[in-house]
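Enquirer: Using full-length UniProt numbering, count along the sequence shown one by one with no gaps and you end on 138.
Yeah, the Cβ is synthetic: ideal placement off N, Cα and C, and Gly gets one too.
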Amino acid sequence: MSTISRTLRYLRRIGFKQYAYQMNRIGDTKYGVLVGTDKYGNKYYENKDEELPLRTKWVDYKEWKEYDASMVEPGWHGWLAYMFDKPPTSEPIMKHDVRPWESKEHIPNQTFSRAAYKPYSTTKPKISSWDAIARPRV
1 MSTISRTLRY
11 LRRIGFKQYA
21 YQMNRIGDTK
31 YGVLVGTDKY
41 GNKYYENKDE
51 ELPLRTKWVD
61 YKEWKEYDAS
71 MVEPGWHGWL
81 AYMFDKPPTS
91 EPIMKHDVRP
101 WESKEHIPNQ
111 TFSRAAYKPY
121 STTKPKISSW
131 DAIARPRV
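#1: Go ahead and label residue 139 buried or exposed: buried means 16 or more other beta carbons lie within 10 angstroms of its beta carbon, across all protein chains shown.
#2: Taking C-beta to C-beta, are Asn42 and Asp60 nearer than 9 Å?
#3: Just reading off the beta strand (DSSP E) that Leu34 is part of, what are its end residues?
#4: Is Tyr44 near Asp38, with beta carbons less than 9 Å apart?
#5: For Gly32, count neighbouring C-beta atoms within 10 Å of its own C-beta (all shown protein chains included) and say buried if the count is 16 or more, exposed if not.
#6: What does the alpha-carbon distance come out to for the pair Ala69 and Leu80?
#7: Is it buried or exposed, Val138, if we count other Cβ atoms within 10 angstroms and call 16 or more buried?
#8: Starting from the Cα of Gly27, find the closest Cα among Pro125, His106, Ser2 and Ala115 and give me that residue.
#9: Using DSSP bridges, identify the partner residues of Trp58.
#10: Check for me: the alpha helix (DSSP H) holding Pro74 runs from which residue to which?
#11: Do you know offhand how far His77's Cα is from Ser121's?
#12: Alpha carbon to alpha carbon, what distance is there between Ser5 and Ser90?
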């Protein structure tokens with residue numbers, strides 16, 4: 001949570017509508033410059049001057065009720081984690097071809113969906129259940 005003076009200062013800059021929007025989504029007021037958007041509709045912001053160190057970059061997810069950190073593309077993840085100073089749209093190192101082992105499209109986390117990974121065993125179980133077979137009485 002931020003201080004009252006910081007909250008009021010940002011409230012004057014962003015207005016009541018954006019204030020209510022941010023409090024509903026991220027629980028804090030932030031003011032910054034829109035740096036870019038990715039192909040999923042996530043918006044990335046930055047404020048270098050007034051925010052605390054390592055809190056200057058943030059993302060506004062398009063899906064705000066069920067968002068996950070894996071919804072961020074790899075290039076934008078590097079920018080958010082301070083690996084790159086420039087966003088991936090202007091960073092030359094991010095303009096590389098897709099390697100053969102990489103997937104062509106970014107796949108978000110599939111947990112709790114039909115596409116989730118389900119491990120299976122290819123070995124025979126070491127313990128088997130007891131099958132009771134009744135022999136005829138003599």
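Expert: Walking through what the data contain:
#1: Not covered by the structure: residue 139. The range shown for the chain is 1 to 138.
#2: yes
#3: Val33 to Thr37
#4: yes
#5: buried
#6: 11 Å
#7: exposed
#8: Ser2
#9: Tyr45
#10: Pro74 to Leu80
#11: Rounded to whole angstroms, His77 to Ser121 spans 34 Å at the Cα level.
#12: 35 Å
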